[in-house]
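A.B. asks:
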Amino acid sequence: MGKIEWAMWANEQALASGLILLTGGIVGVAGQFRNWQFAAYGIAAGIFICLLEYPRGCKAKGNGVQRPGQYCLTVCVKAFGPLTRNYYIRALLHAALCVPGAFILCTVLGCVCLAIASIIYLLAAVRGEQWLPILPRAEPREKPGESIKEPPQNPPPRPPAEMRRKRAEDMEGAAYTNPMPVMPNEY
Amino acid sequence: MRNWLENEGLSIFVILVWLGINAFLFVYFYIAFLTDRFFYTRAILGDALPWARAPAACLNFNCMLILLPVCRNLLSFLRGSVQRCSRSAARQLDRNLTFHKLVAYMIALHTAIHILAHLFNFERFMGAQLDSNSTLPYVLSQVGNGDNRSFLNPIRTADTNPTYVMFTTIAGLTGVVITLALILMITSSMEVIRRSYYEVFWFTHHLFVIFFIGLVLHGVGRIVRGQTAESLSEHNPKECSQHYQTWGENSTVCPVPNFAGNPPMTWKWVVGPMFLYVCERLVRFIRSQQKVVITKVVMHPSRTLELQMRMKGFKMEVGQYIFLQCPSISQLEWHPFTLTSAPEEDHFSVHIRIVGDWTEGLYKECAGDKKGVQEAWKLPKVAVDGPFGTASEDVFRYEVVMLVGAGIGVTPFASILKSVWYKYVHENAKVFTKKIYFYWLCPETQAFEWFADLLQCLERQMAEKGSTDFLSYNIYLTRWKEKEAAHFTVHHEAENDPITGLKQKTLYGKPNWNSEFNSIGAKHKGSKVGVFLCGPPALAESLEKQCHSHSQSEVKFIFNKENF
Chain A
12 MGKIEWAMWA
22 NEQALASGLI
32 LLTGGIVGVA
42 GQFRNWQFAA
52 YGIAAGIFIC
62 LLEYPRGCKA
72 KGNGVQRPGQ
82 YCLTVCVKAF
92 GPLTRNYYIR
102 ALLHAALCVP
112 GAFILCTVLG
122 CVCLAIASII
132 YLLAAVRGEQ
142 WLPILPRAEP
152 REKPGESIKE
162 PPQNPPPRPP
172 AEMRRKRAED
182 MEGAAYTNPM
192 PVMPNEY
Chain B
6 MRNWLENEGL
16 SIFVILVWLG
26 INAFLFVYFY
36 IAFLTDRFFY
46 TRAILGDALP
56 WARAPAACLN
66 FNCMLILLPV
76 CRNLLSFLRG
86 SVQRCSRSAA
96 RQLDRNLTFH
106 KLVAYMIALH
116 TAIHILAHLF
126 NFERFMGAQL
136 DSNSTLPYVL
146 SQVGNGDNRS
156 FLNPIRTADT
166 NPTYVMFTTI
176 AGLTGVVITL
186 ALILMITSSM
196 EVIRRSYYEV
206 FWFTHHLFVI
216 FFIGLVLHGV
226 GRIVRGQTAE
236 SLSEHNPKEC
246 SQHYQTWGEN
256 STVCPVPNFA
266 GNPPMTWKWV
276 VGPMFLYVCE
286 RLVRFIRSQQ
296 KVVITKVVMH
306 PSRTLELQMR
316 MKGFKMEVGQ
326 YIFLQCPSIS
336 QLEWHPFTLT
346 SAPEEDHFSV
356 HIRIVGDWTE
366 GLYKECAGDK
376 KGVQEAWKLP
386 KVAVDGPFGT
396 ASEDVFRYEV
406 VMLVGAGIGV
416 TPFASILKSV
426 WYKYVHENAK
436 VFTKKIYFYW
446 LCPETQAFEW
456 FADLLQCLER
466 QMAEKGSTDF
476 LSYNIYLTRW
486 KEKEAAHFTV
496 HHEAENDPIT
506 GLKQKTLYGK
516 PNWNSEFNSI
526 GAKHKGSKVG
536 VFLCGPPALA
546 ESLEKQCHSH
556 SQSEVKFIFN
566 KENF
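Sequence lines, in order, name chains A and B.
Take the first sequence: its position 33, counting from 1, is numbered 44 in my numbering, and each next residue is one higher.
Take the second sequence: its position 499, counting from 1, is numbered 504 in my numbering, and each next residue is one higher.
#1: Looking at the strands, I want to know which residues DSSP matches up with F342(B).
#2: List, in order along the chain, the chain B residues whose C-beta lies closer than 7 angstroms to that of V110(A)?
#3: Report buried or exposed for C284(B), applying the criterion of at least 16 other Cβ atoms within 10 angstroms of its Cβ.
#4: With a threshold of 6 angstroms on Cβ separation, who are the neighbours of F522(B) within its own chain once the five nearest residues in sequence on each side are excluded?
#5: Can you tell me which of L157(B), G224(B) and H211(B) puts its alpha carbon nearest to the alpha carbon of I175(B)?
#6: Helix, strand or coil for F29(B)? Go by DSSP, reduced to three states.
#7: So, at 6 angstroms on beta carbons, what are the nonlocal neighbours of F5(B) in its own chain, with the 5 sequence-adjacent residues on each side left out?
#8: Looking at C-beta atoms only, is the number of pairs between the stretch 247-260 of chain B and the stretch 206-214 of chain B that lie closer than 8 angstroms three or more?
#9: What separation, rounded to the nearest whole angstrom, lies between the Cα atoms of G414(B) and W17(A)?
#10: Which same chain residues, not among the five before or five after M12(A), have their C-beta less than 6 angstroms away from its C-beta?
#11: Taking just the CA atoms, how far does L281(B) sit from G57(A)?
#12: Nearest CA to the CA of G231(B): which residue from Y45(B), A543(B) and L460(B)?
#13: Counting pairs of beta carbons, one from the stretch 42-51 of chain A and one from the stretch 123-138 of chain B, are three or more of them closer than 8 angstroms?
#14: Of all Cβ atoms in chain A, is any one closer than 9 angstroms to the Cβ of V197(B)?
#15: Beta-carbon of I60(A) versus every beta-carbon of chain B: anything under 9 angstroms?
#16: Quick check: is the beta carbon of R138(A) nearer than 9 angstroms to any beta carbon in chain B?
#17: From what residue to what residue does the beta strand (DSSP E) around A265(B) run?
#18: Please state whether the Cβ-Cβ distance between K423(B) and T345(B) is less than 9 angstroms.
#19: By how many angstroms is the C-alpha of R289(B) removed from the C-alpha of L237(B)?
#20: Can you list, in chain order, the residues of its chain whose CB lies under 6 angstroms from that of F569(B), leaving out five sequence neighbours each side?
#21: Quick one: is I115(A) near chain B, going by C-beta distance under 9 angstroms?
#22: Of all Cβ atoms in chain A, is any one closer than 9 angstroms to the Cβ of M190(B)?
#23: Please compile the residues from chain B whose C-beta is within a distance smaller than 8 angstroms of the C-beta of C124(A).
#24: Output, in sequence order along the chain, the residues in the stretch 30-63 of chain A whose CB is closer than 8 angstroms to any CB in chain B.
#25: Give me the Cα-Cα distance between C87(A) and P144(A), rounded to the nearest whole angstrom.
#26: Could you tell me whether the stretch 126-138 of chain A touches the stretch 88-103 of chain A, where touching means 3 or more Cβ pairs closer than 8 angstroms?
#27: When the Cα atoms are used, what is the spatial distance from R58(B) to F34(B)?
#28: What is the residue span of the beta strand (DSSP E) that T165(B) lies within?
#29: Would you verify that the beta carbon of M12(A) is, or is not, closer than 9 angstroms to some beta carbon of chain B?
#30: Out of L63(A), V76(A), V110(A) and G75(A), point me to the one whose CA is closest to T95(A)'s CA.
#31: Kindly indicate which three-state DSSP category A545(B) falls into: helix, strand or coil?
#32: Tell me the residue span of the beta strand (DSSP E) that contains N579(B).
#33: Just how far apart, CA to CA, sit G39(A) and I118(B)?
#34: Note the first and the last residue of the continuous beta strand (DSSP E) segment covering W445(B).
#35: Would you check if the distance between the CB atom of M316(B) and the CB atom of Q295(B) is smaller than 9 angstroms?
#36: In the DSSP assignment, what are the bridge partners of L408(B)?
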């Protein structure tokens with residue numbers, strides 16, 4: 012399984028866990044269950060995890076499929092630099108976040124799913140993967156080729172207007188050869 | 006509108022029937038738990054009880070259905086028999102994967118409702134045990150304390166918590182396990198994971214085995230309890246519930262009620278499909294044991310590998326696909342590939358694009374990177390499952406046919422065109438199809454090479470027979486480099502196309518579908534035109550729209566799409 016990026020799957024799993032934790036938390040608080048404080052924690056943790064995991068990273072090859080509307084969150088997550096780029100930290104974070112969910116029934120499922128996501132992130136980190144943001148690439152400014160050093164100061168030398176007009180009967184004579192070779196970039 | 010109905014009508018009907026059955030089951034089982042038998046259960050749980058049981062019934066139904074669309078050998082067999090009666094019914098079987106996904110979404114939805122309702126149930130059962138002595142729920146929870154058989158509340162003591170109870174009951178434990186299996190299956194089936202890392206999807210999806218085992222065992226503990234019939238005859242809940250303080254005492258009318266659990270029902274729903282699926286895997290295994298010999302390996306440009314194989318008793322039709330397995334690369338992986346050979350040939354072939362782990366492995370195993378002759382025994386052993394039918398089989402049933410292939414999606418049409426050539430050569434074969442319009446959209450010129458040979462052959466044959474009208478093909482180059490563009494411009498006037506070497510010139514950019522459909526519609530009034538596409542979803546959408554908008558009373562465009 013050489014080319015698999017575990018982080019992609021860990022990301023899906025973590026996002027799902029966040030949603031499950033959030034839903035369980037809402038039920039616990041709305042239903043006024045015993046120890047509903049843990050459910051309230053579930054809501055907060057669930058929202059945080061969803062926000063963290065919503066922006067998908069790009070694959071090692073540089074391309075990636077964006078989730079709709081993820082640009083703002085990508086910028087936010089990117090701002091934390093190595094904290095969000097490194098998957099060891101994410102694995103640890105998810106492992107820590109899942110623990111309080113184990114105390115009441117509503118959030119237990121979210122807790123276990125998050126633990127699994129944490130394990131997959133650990134696997135991704137061990138394989139050296141990193142979270143890289145998908146940002147719109149700035150168009151590279153086309154540099155002029157080698158033979159164009161500076162824009163010309165004077166207009167090119169041309170024969171008078173009368174001769175310049177191409178005559179249909181004399182295509183050969185009207186052909187104009189550029190004295191200086193102009194090469195475009197090779198790409 | 007009528008034509009949209011013709012294309013989509015049967016699908017919509019099937020979906021509506023399925024949704025209708027779901028709705029019926031939900032309501033029926035909801036009401037079933039509003040009876041007197043569950044009066045006391047509802048006294049503790051409120052209406053969270055029916056809210057948990059109704060989706061459970063729908064889950065039984067959907068888990069029964071979900072295994073059926075992936076029994077491809079069974080479907081292939083069904084398709085063969087149904088095709089004789091109705092072509093559109095047979096086409097519905099092409100959409101098996103879509104149906105599988107729909108049922109999966111429904112399972113996820115009902116699982117969510119079921120779990121949320123049970124969260125309330127556990128909480129209320131616990132609450133009943135923790136209540137003070139003077140409430141009905143508390144009294145009910147004490148029933149069965151002596152023999153531990155006729156109890157109502159599965160939480161037997163106040164000295165515990167719902168999480169602990171969940172992990173120590175069969176229903177709770179199996180519930181957690183199968184829900185986890187379901188979640189892992191769903192997250193690994195997301196489009197991103199499936200398209201890029203197929204192996205993760207395929208291996209994780211086998212958790213369905215755990216899912217079904219857990220599902221069958223889920224009800225074994227009989228945790229949902231209602232009053233027994235015997236107890237109901239002596240103790241009427243509606244009358245006796247007010248006097249709960251004095252049940253069972255000598256002077257009263259109401260004895261203590263007795264409760265028992267429902268027997269597990271799920272196995273009745275799923276045992277049939279599970280058996281069918283086991284048969285399906287058995288068939289696949291038996292077929293895979295048949296000996297397949299690789300007779301030729303050809304390496305084409307743009308990383309395309311062609312494998313020509315022979316197998317005893319292998320029969321195919323145009324445009325079918327097979328599943329290939331190579332045990333030396335992976336014991337468990339089977340990957341689908343369209344057959345590119347015609348049924349009339351003595352071998353069958355596939356063209357494989359090398360994009361992932363498995364195809365890369367196959368390339369190395371077949372020594373694709375080495376030049377020269379390879380010993381036959383050095384070639385890897387492969388196993389083949391199939392062939393399975395898809396929409397392309399229908400091509401020859403239409404009088405006029407439009408074939409559209411994008412990039413590697415042209416492969417099923419390679420098979421069709423080859424078959425066309427063979428049929429024409431043997432003039433005794435009566436061909437119903439009178440005209441084929443072939444469109445190939447390709448982003449790079451190198452990909453033309455292996456297909457260009459085939460087209461050149463066809464061109465020559467048709468010229469010899471004088472029937473150049475039969476096949477009209479258009480090749481569109483959708484992307485090119487500056488250097489190539491200069492070359493094209495210069496050789497624009499040449500007799501043969503500079504890229505393909507064919508007399509038919511390559512066109513640049515994307516086709517103008519509107520004008521194509523218009524001209525074909527005008528030329529073939531009064532006939533049904535089959536439109537076959539193998540390509541990306543965006544193209545499918547635009548072609549489907551064109552089919553709908555150009556289908557008028559004189560000419561009908563029927564859209565068929567292939568996908569893996």
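Built from N, CA and C at the ideal position, the CB exists for glycine as well.
C.D. replies: In short:
#1: Residue mapping note: residue 342(B) aligns to position 337 of the second sequence, counting from 1. For F342(B), which the question treats as bridged, DSSP gives the partners I327(B).
#2: For the purposes of this step, residue 110(A) is taken as the residue at position 99 of the first sequence. The premise fails here: V110(A) is roughly 13 angstroms from chain B at the closest Cβ pair, so nothing lies under 7 angstroms.
#3: Counting from 1 along the second sequence, the entry for residue 284(B) is found at position 279. The residue is exposed, with fewer than 16 neighbouring Cβ atoms inside 10 Å.
#4: Taking the first residue of the second sequence as position 1, residue 522(B) is located at position 517. Hits under 6 angstroms: Q551 and H555.
#5: In the second sequence, residue 175(B) corresponds to position 170, counting from 1. I175(B) has its Cα closest to that of G224(B), out of L157(B), G224(B) and H211(B).
#6: For this step, residue 29(B) is matched to residue 24 along the second sequence. Helix.
#7: Only positions 6 to 569 of chain B appear in this structure, which leaves residue 5(B) out of reach.
#8: no
#9: Here residue 414(B) corresponds to residue number 409 of the second sequence, with the count starting at 1. Here residue 17(A) corresponds to residue number 6 of the first sequence, with the count starting at 1. C-alpha separation (whole angstroms): 29 angstroms.
#10: Stepping through the first sequence from its first residue, residue 12(A) is reached at position 1. Confidence in M12(A) is poor, its pLDDT being 44 and thus under 50, which makes the residue's placement unreliable; the coordinate value appears in the next sentence. Within the same chain, M12(A) has no close Cβ partners at all.
#11: In the first sequence, residue 57(A) corresponds to position 46, counting from 1. In the second sequence, residue 281(B) corresponds to position 276, counting from 1. Cα-Cα distance, rounded: 41 angstroms.
#12: As a working mapping, residue 231(B) is identified with position 226 in the second sequence. Closest by alpha carbon: Y45(B).
#13: yes
#14: One-based indexing of the second sequence puts residue 197(B) at position 192. For V197(B), the answer is yes, since a Cβ of chain A falls inside 9 angstroms of its Cβ.
#15: As a working mapping, residue 60(A) is identified with position 49 in the first sequence. It does not; no Cβ of chain B falls within 9 angstroms.
#16: Position 127 of the first sequence holds residue 138(A). Taking Cβ atoms only, chain B never reaches closer than 9 angstroms to R138(A), which makes this a no.
#17: By 1-based counting over the second sequence, the position of residue 265(B) is 260. Start and end: F264 to G266.
#18: Position 418 of the second sequence, counted from the first residue, corresponds to residue 423(B). Position 340 of the second sequence, counted from the first residue, corresponds to residue 345(B). In this structure, T345(B) lies closer than 9 angstroms to K423(B) by Cβ.
#19: Sequence index remark: in the second sequence, residue 237(B) carries index 232 (1-based). Sequence index remark: in the second sequence, residue 289(B) carries index 284 (1-based). Looking at the two C-alpha atoms, the distance is approximately 53 angstroms.
#20: For the purposes of this step, residue 569(B) is taken as residue 564 along the second sequence, with counting starting at 1. For F569(B), the predicted structure reports a pLDDT of 34, less than 50, and the residue's modelled location is therefore unreliable. The matter cannot be settled from this model.
#21: The residue labelled residue 115(A) in the question sits at position 104 within the first sequence. I115(A) counts as touching chain B.
#22: The count along the second sequence starts at 1 and reaches residue 190(B) at position 185. It does not: the Cβ of M190(B) has no partner Cβ on chain A nearer than 9 angstroms.
#23: Residue numbering aside, residue 124(A) sits at position 113 when the first sequence is read from its first letter. Those within 8 angstroms of C124(A) in chain B are L185 and I188.
#24: I31, T34, G35, V38, G39, G42, F44 and R45
#25: If you number the first sequence from 1, residue 87(A) lands on position 76. If you number the first sequence from 1, residue 144(A) lands on position 133. The alpha-carbon atoms of C87(A) and P144(A) are separated by roughly 10 angstroms.
#26: yes
#27: Within the second sequence, residue 58(B) is the residue found at index 53, counting from 1. Within the second sequence, residue 34(B) is the residue found at index 29, counting from 1. In a straight line, the C-alpha of R58(B) is about 7 angstroms away from that of F34(B).
#28: By 1-based counting over the second sequence, the position of residue 165(B) is 160. That residue, T165(B), is in no beta strand (DSSP E); it is neither H nor E in DSSP.
#29: Here residue 12(A) refers to the residue found at position 1 when the first sequence is read from its first residue. Because the pLDDT of M12(A) is 44, which lies under 50, any placement of that residue in the model is unreliable, and the question is left without a value.
#30: As a first step, residue 95(A) must be located in the first sequence, where it is residue number 84. For T95(A), the nearest C-alpha among the options comes from L63(A).
#31: The residue given as residue 545(B) occupies position 540 in the second sequence. Looking at A545(B) - three-state DSSP - the assignment turns out to be helix.
#32: Since the displayed chain B opens at 6 and closes at 569, residue 579(B) lies outside it and no answer follows.
#33: The count along the first sequence starts at 1 and reaches residue 39(A) at position 28. The count along the second sequence starts at 1 and reaches residue 118(B) at position 113. Looking at the two C-alpha atoms, the distance is approximately 15 angstroms.
#34: Position 440 of the second sequence, counted from the first residue, corresponds to residue 445(B). Per DSSP, W445(B) belongs to the beta strand (DSSP E) from K440 to C447.
#35: Position 311 of the second sequence, counted from the first residue, corresponds to residue 316(B). Position 290 of the second sequence, counted from the first residue, corresponds to residue 295(B). Yes; because the gap between Cβ atoms is below 9 angstroms, this pair is in contact.
#36: Against the second sequence, residue 408(B) aligns to sequence position 403. DSSP lists F443(B) and F537(B) as partners of L408(B).
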